[in-house]
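**Student:**
Here you go:
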């Protein structure tokens with residue numbers, strides 16, 4: 002099954018993988034490791050899930066932003082591989098950066114929007130180690146940025 | 002020698018490894034690499050080392066918070082392996098996130114609370130590359146979160 | 002060609018690799034992976050590129066700070082290897098931490114100062130995955146900190 006098909010079952014569309022307009026790349030592979038660049042909470046229709054947790058956004062909106070950023074992460078994973086769900090051996094690490102005020106304390110609840118989607122798509126292979134922190138600000142004013150390190154099946 | 006025994010020599014108790022109440026996991030292994038999720042400065046008795054550096058907390062309190070977070074990191078490493086000190090081939094990277102005000106500049110001094118403890122436990126194998134930054138806020142209002150990438154001995 | 006020679010062609014001097022005065026180390030190697038500690042925007046003459054984006058610094062100054070931090074990163078890479086450009090198989094991941102105000106949104110433009118220099122030095126091997134975020138504060142008040150994960154040629 003492809004990542005796109007699995008997302009469709011879950012009620013999501015796989016967005017197009019964005020191309021960076023700079024010297025960096027969206028994914029880098031070394032053997033069976035795949036490194037994915039930080040993906041931000043801008044939806045496929047171009048609308049930014051922007052703002053800070055603890056100010057304009059509540060946890061539900063932040064959780065949704067984390068999900069949007071993760072859809073973009075999945076688009077990059079699909080583009081860098083055959084797109085088959087089973088080619089992801091393990092999501093090793095997820096970094097979740099949450100734009101937040103100094104007194105915001107629910108970064109984990111926001112980050113669960115990303116974690117839950119990865120497990121819904123990849124099953125046990127999607128269970129990852131994670132660091133979730135509150136940052137001062139993110140590109141284009143978005144609420145959430147996620148990056149990842151994965152292990153792929155050989156030859157996938 | 003186990004990590005628990007070595008900590009006891011250093012005057013610390015190994016805390017219980019916390020279990021995440023979410024879809025992520027505390028550690029993920031890929032071959033000889035071990036990724037450990039961000040661990041926060043909440044002591045074994047449940048007391049949070051909370052607050053921001055540059056505001057409520059001074060460097061000594063921040064250093065102590067970094068040590069508490071690292072005890073939790075060691076608990077995860079012990080739980081994910083046989084618990085033997087010698088099974089850790091190298092602590093490759095430590096991420097240290099310090100809740101801090103915009104004008105705080107001593108993130109390295111705070112992070113040394115984490116680095117010094119890892120070297121005390123693992124010796125040369127504990128010497129790691131590190132990134133220490135000041136973030137806006139952390140889960141549950143804690144002062145320090147640390148995550149890590151380790152190399153293990155094969156079959157440990 | 003060495004990294005120092007290539008930088009000279011680009012109009013830069015390779016700075017001396019700084020030595021951490023703490024228990025951490027500047028680089029850690031595991032097989033063909035090289036992890037480099039966070040390097041800050043302090044120039045070879047000791048002058049700090051300090052301040053926050055969105056406050057004292059504009060994007061051009063931030064971009065320059067990212068370049069300075071990357072020169073220090075290159076110094077660590079050179080010191081940890083034979084110093085030959087061709088020994089770097091791939092820059093896998095670059096972390097770019099930008100000291101920024103809550104309303105700053107151009108972290109990618111600042112981070113391009115780092116990305117462009119790496120590609121200028123290493124060519125295609127220098128194209129990396131990247132996460133760029135705005136943080137509350139950085140060591141010594143600097144504007145930019147960068148860390149990296151690289152793949153080296155075997156035996157380099």
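Residue numbers (my numbering), protein chains in the order written: chain X, 2 to 157; chain G, 2 to 157; chain E, 2 to 157.
C-beta atoms are modelled at their ideal positions from N, C-alpha and C, and glycine is treated no differently.
#1: Any beta carbon from chain E within less than 8 angstroms of residue 48 (chain X)'s own beta carbon?
#2: Going along chain G, which residues have a C-beta under 7 angstroms from residue 109 (chain E)?
#3: List the endpoints of the continuous alpha helix (DSSP H) containing residue 154 (chain G).
#4: Drop a sphere of 10 angstroms on the beta-carbon of residue 57 (chain X), count the other beta-carbons inside from all chains shown, and report buried for 16 or more, exposed for fewer.
#5: Once you ignore the five residues that flank residue 152 (chain X) on each side, which residues in its own chain have a CB closer than 7 angstroms to its CB?
#6: Alpha carbon to alpha carbon, what distance is there between residue 37 (chain X) and residue 77 (chain X)?
#7: For residue 88 (chain E), which residues in the same chain have their Cβ closer than 8 angstroms to its Cβ, ignoring the five residues on either side in sequence?
#8: List the residues of chain E that residue 104 (chain X) touches, going by C-beta distances under 8 angstroms, in chain order.
#9: Measure the Cβ-Cβ separation of residue 84 (chain G) and residue 5 (chain G) and say whether it is below 8 angstroms.
#10: To the nearest angstrom, how far is it from the Cα of residue 40 (chain X) to the Cα of residue 24 (chain G)?
#11: Anything in chain X within Cβ reach of residue 38 (chain E), meaning under 8 angstroms, just list it in chain order.
#12: At which residue ranges does the stretch 104-145 of chain E contain complete beta strand (DSSP E) runs of 3 or more residues, listed in the order of the chain?
#13: Can you tell me whether DSSP reads residue 80 (chain E) as helix, strand or coil?
#14: Pull up the DSSP beta-bridge partners for residue 3 (chain E), would you.
#15: Excluding the 5 residues preceding and the 5 following residue 150 (chain E) in the sequence, name in chain order all residues of the same chain whose CB lies nearer than 7 angstroms to its CB.
#16: Just verifying my parser: in three-state terms, what is the DSSP assignment at residue 90 (chain X)?
#17: Kindly give me the distance between the Cβ atoms of residue 22 (chain E) and residue 70 (chain E), rounded to whole angstroms, as I take these residues to be in contact under 8 angstroms.
#18: Which bits of chain E does residue 71 (chain X) rub up against, with CB to CB less than 7 angstroms?
#19: Considering only the alpha carbon of each residue, which of X:115, X:11, X:29 lies closest to residue 62 (chain X)?
#20: Can you find the residues in the same chain that come closer than 6 angstroms, C-beta to C-beta, to residue 43 (chain E), ignoring five residues on each side of it along the sequence?
#21: Output needed in chain order: residues of the stretch 142-153 of chain G with a Cβ under 7 angstroms from some Cβ in chain X.
#22: Quick check on the DSSP output: the beta strand (DSSP E) that includes residue 55 (chain X) runs from which residue to which?
#23: Could you check the C-alpha separation between residue 103 (chain E) and residue 109 (chain E) for me, to the nearest Å?
#24: Give a yes or no on whether the minimum CB-CB distance between residue 97 (chain X) and chain E is below 8 angstroms.
#25: Quick one: which residues of the stretch 52-71 of chain X get their C-beta closer than 9 angstroms to a C-beta of chain E? List them in chain order.
#26: Determine the DSSP secondary structure at residue 71 (chain X), reduced to helix, strand or coil.
#27: Is the CB of residue 113 (chain E) under 8 angstroms away from at least one CB in chain X?
#28: So the beta strand (DSSP E) residue 39 (chain E) belongs to, where does it begin and stop?
#29: Among the residues of its own chain, which have a CB less than 7 angstroms from the CB of residue 105 (chain X), if the five just before and after it don't count?
#30: Output the boundary residues of the beta strand (DSSP E) element that contains residue 28 (chain G).
#31: Check whether the Cβ of residue 137 (chain E) lies closer than 8 angstroms to any Cβ atom in chain G.
#32: Can you tell me the Cα-Cα spacing of residue 51 (chain E) and residue 10 (chain X), whole angstroms?
#33: Taking only the alpha-carbon atoms, compute the straight-line gap between residue 125 (chain G) and residue 119 (chain G) and give it to the nearest angstrom.
#34: For a test of the three-state rule: what should DSSP assign to residue 8 (chain E), helix, strand or coil?
#35: Measure from the C-beta of residue 101 (chain E) to each C-beta in chain X and report whether the shortest distance is under 8 angstroms.
#36: For a contact defined as C-beta to C-beta under 9 angstroms, what are the partners of residue 129 (chain X) on chain G?
**Tutor:** Walking through what the data contain:
#1: no
#2: The contacting residues do not exist; residue 109 (chain E) stays about 18 angstroms from chain G at best.
#3: Note, residue 154 (chain G): premise wrong, no alpha helix (DSSP H); not H, not E.
#4: exposed
#5: So the list reads 33, 34, 90, 91, 93, once near-sequence residues are dropped.
#6: 7 angstroms
#7: 82, 153, 154, 157
#8: Those within 8 angstroms of residue 104 (chain X) in chain E number zero; the least Cβ separation is about 13 angstroms.
#9: yes
#10: 20 angstroms
#11: Ordered by position in chain X, no residue passes the 8 angstroms Cβ test against residue 38 (chain E), which lies about 17 angstroms from the chain.
#12: 130-136
#13: helix
#14: E:85
#15: 34, 36, 93, 94
#16: strand
#17: That pair is no contact at about 19 angstroms.
#18: Going along chain E, no residue has its Cβ under 7 angstroms from residue 71 (chain X), so there is no contact; the nearest lies around 14 angstroms.
#19: With distances taken between CA atoms, residue 62 (chain X) lies nearest to X:115 out of X:115, X:11, X:29.
#20: 49
#21: 142, 146, 148
#22: First-last for residue 55 (chain X): undefined, no H or E at that position.
#23: One Cα belongs to residue 103 (chain E), the other to residue 109 (chain E), and the distance between them is close to 15 angstroms.
#24: no
#25: Residues are counted here when their Cβ sits less than 9 angstroms from a Cβ of chain E; for the stretch 52-71 of chain X these are 53, 56, given in chain order.
#26: helix
#27: For residue 113 (chain E), the nearest beta carbon of chain X is closer than 8 angstroms to its own beta carbon.
#28: 34-41
#29: 54, 55, 135
#30: 28-31
#31: yes
#32: 49 angstroms
#33: 9 angstroms
#34: Correct three-state label for residue 8 (chain E): helix.
#35: yes
#36: Under the 9 angstroms cutoff, chain G gives 24, 25, 26, 29, 36, 38.
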